[in-house]
Amino acid sequence: MSLEIKVPEVGESITEVTIASWLKKDGDFVEQDEIIAELESDKATFELPAEASGVLKIRAQEDETIEVGAVICEIDEDAKSGNSKAEEKSEQKKEESSEPKTEKKEESSSNSGPKKTGEIHEMVVPTVGESITEVTISSWLKSDGDYVEMDEVIAEVESDKATFELPAEANGFLQIIAQEDDTIEIGATICKIEVTEGGAPSESSSEKSSSESKSSSESQNEDKETYATGHASPAAAKILKEKGIDASNVKGSGKDGRITKEDAEKAEKQQSSKSAEQESKPSDSGIETKSIPAPSNDREQRKEKMSSLRKTVARRLVSVKNETAMLTTFNEVDMKPIMDLRKKYKEQFKEKYEVGLGFMSFFTKACTMALKEFPAVNAQIDENQMVYSDYVDMSIAVSSPKGLVVPVIRNAEKLSFNEVESEVIRLAKKARDGKLSIDEMSGGTFTITNGGIFGSMLSTPIINAPQSAILGMHNIVERPVAINGEVQIRPIMYVALSYDHRIIDGKESVSFLVRVKELLEDPTRLLLGI
């Protein structure tokens, strides 16, 4: 019995995943619960376990983007270890190779190629997500009139969330309706397939005669080239677009010459090294005008298509601005008491808990205490209802190579200083390694973001929907302040609270920020809970 393995659901907003790598090969025997592949979404990387023991049959290749629920592979449960179908097929191939060539010729002559059935199969843009109403055709991998086989990838389609591949739904000849860069609605006809029966078409006599006239080297290269030759995978295309590298200048090392993510990263390094060499070359100090670049070169422009992830971020940010009554209130915090406390106990703290004592634990503890006193700041709007939480799942904005991610510290109100610091370090490390799971980034009732590590003095952070408030930390600068009638130089941080005025009143927002200020300027309050 053959068991179909489908792409599991990994999150509410995720409709498709990319196959990062297969850890097992086609025809290998796998055990139940053994990890067979790594899948990658626009949020995280996760592992795919085998659902049964048997022989693996791979249906989707590496770097392919497939929808959640689609079949990714099959497992033949009847096959035994060391007696796979792959071995049976190889034995059959050996037997066939030992047969006389005259028999092969008879077989090839009996294959009359595909026969048209007269049926025209219309392919429409599939549904790729609840909120997606249209897609853009990124590229056609097959040309108009080409013969395509069922499940063969014929095009790459891009939505505002991700890029996915379009497989052929029948065997036959392709008739392209929508062209590259066209934006069409979900359910609209994208192409037609003139359905055929039989095998793939063989070369015509004219094609054979023309191929014979070519040199042997050219014919060998053409035999190896397919639609994938020189074509970048979605992950590779994203890297090349971000760095402004033309895919035609990159040699692919993947199957049939496809450009993989590793090829794109190598090309990026080669490009940077070449530019560095050019800069290191001494310029000609002569008077000749040929060595002076034309003024027009200094005013060149280049256009890059926005990545799907960037489009999604842009759409969500605009949605928050349009759908919430967002306001921001500000205050300042004298950081000297916290800095003195850290200076006094940081060595003992690290020696005992094996983690450093940072500012984030102080801000997290201060916010959790203030949120208990002002529950509306920790609430959310669900249609016509306000949802209040008696716990605090603290979202912490972390910078990663893929961009800004927001992992969640669960039940932060119950954690001690060292537990908060340990959790921040753990999540930050996983974010840098691209190992955050969907669960670790889902939920959250309140967010803290620290723009101060990049030098920001003041900002108005945008709410992390569907939450109702976000606290922005900034850099610490020594400023003159009046204390007991005297001017003193103190390390001051500006803090900002952006909030949804639909659920949080001005009095609550200001009082919340003042309470956070009081707790931070007198850290003993955090220990005593007052």
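For the sequence shown, this note's numbering begins at -9 and goes up steadily by one. Idealized CB from N, CA, C, for every residue including glycine. Bear in mind the structure is a predicted one, so any value in this text is a computation, not a measurement.
- When the five nearest sequence neighbours on each side are left out, the beta carbons in the same chain lying within less than 6 Å of the beta carbon of ALA254 are those of ALA226, ILE229, LEU230, in order along the chain.
- With respect to the C-alpha of VAL471, the residue from GLY462, ILE482, THR250, ALA42 having the closest C-alpha is ILE482.
- Around the Cβ of PHE444, a 10 Å sphere holds fewer than 16 other Cβ atoms; the residue is exposed.
- Taking 4 residues as the minimum length, the alpha helix (DSSP H) runs contained wholly in the region 403 to 442 are 407 to 422, 428 to 431, in order along the chain.
- Taking 8 Å as the cut-off, the beta carbon of VAL410 is found no closer than this to the beta carbon of GLY434.
- In terms of Cα proximity to THR107, the closest of GLU37, GLU187, LYS132 is GLU187.
- Straight-line measurement puts the Cα of MET431 at about 31 Å from the Cα of ILE520.
- In the DSSP assignment, SER133 forms no beta bridge with any residue.
- Short of 8 Å from the beta carbon of ASP134, and not among the five residues preceding or following it, lie these beta carbons of its own chain, in chain order: LEU164, GLN165, ILE166.
- The C-beta separation of ILE183 from GLU159 comes to about 7 Å, placing the pair in contact by the 8 Å criterion.
- A straight-line Cα-Cα distance of about 43 Å links ALA304 and GLU109.
- Residue pairing for HIS111: DSSP places it in a beta bridge opposite ILE183.
- In the DSSP assignment, PRO39 falls within the beta strand (DSSP E) that extends over 35 to 39.
- Straight through space, the alpha carbons of VAL388 and ALA418 are spaced by roughly 6 Å.
- Contact annotation, VAL500 with ALA356: C-beta distance approximately 16 Å; criterion of less than 8 Å not satisfied.
- Three or more Cβ pairs closer than 8 Å define a contact, and the region 485 to 500 meets that threshold against the region 369 to 385.
- The residues SER(-8), ASP16, GLY17, CYS63, GLU64, ILE65, ASP66, LYS75, in chain order, have a CB closer than 8 Å to that of LYS47 in the same chain once the five nearest residues on each side in sequence are set aside.
- In the structure shown, MET376 falls within a strand segment according to DSSP collapsed to helix, strand and coil.
- Counting only residues of its own chain and dropping the five nearest sequence neighbours on each side, MET350 has a CB closer than 6 Å to the CB of VAL414.
- Residues of the same chain with a CB within less than 6 Å of the CB of MET325, apart from the 5 flanking positions on each side, are ILE466, PRO481, MET483 in chain order.
- Annotated three-state conformation of ASN368 is helix, per DSSP.
- Taking the C-beta atoms as reference points, THR55 is found nearer than 8 Å to GLU155.
- Closest by C-alpha distance to ASN408, out of LYS293, GLU30, GLU344, is GLU344.
- Under the three-state reduction of DSSP output, ILE466 falls in the strand class.
- If you draw a straight line from the Cα of ALA145 to the Cα of GLU52, it comes to about 16 Å.
- Annotation: MET447 is outside any beta strand (DSSP E) and is labelled neither H nor E by DSSP.
- The three-state reading of DSSP puts PRO104 in coil, since its state is none of H, G, I, E or B.
- For GLU28, the closest of LYS295, GLU139, ASN321, GLY424 by C-alpha to C-alpha distance is GLY424.
- Residue pairing from DSSP places ARG480 in a beta bridge opposite ARG469.
- At least 8 Å separates the beta-carbon of GLY177 from that of VAL138.
- With a contact defined as Cβ atoms closer than 8 Å, VAL308 and ILE453 miss out at about 13 Å.
- By the 16-neighbour rule on beta-carbons within 10 angstroms, THR117 is exposed.
- Using a C-beta cut-off of 8 Å, the region 331 to 345 makes no contact with the region 372 to 386, since fewer than three inter-stretch Cβ pairs fall below that distance.
- Taking the C-beta atoms as reference points, ALA486 is found nearer than 8 Å to PRO451.
- Exclusion of the five residues before and after GLU(-6) leaves VAL61, GLU64 as the residues of its chain whose Cβ lies within less than 6 Å of its Cβ.
- Taking C-beta atoms as the reference points, THR437 and ALA402 fail to come closer than 8 Å.
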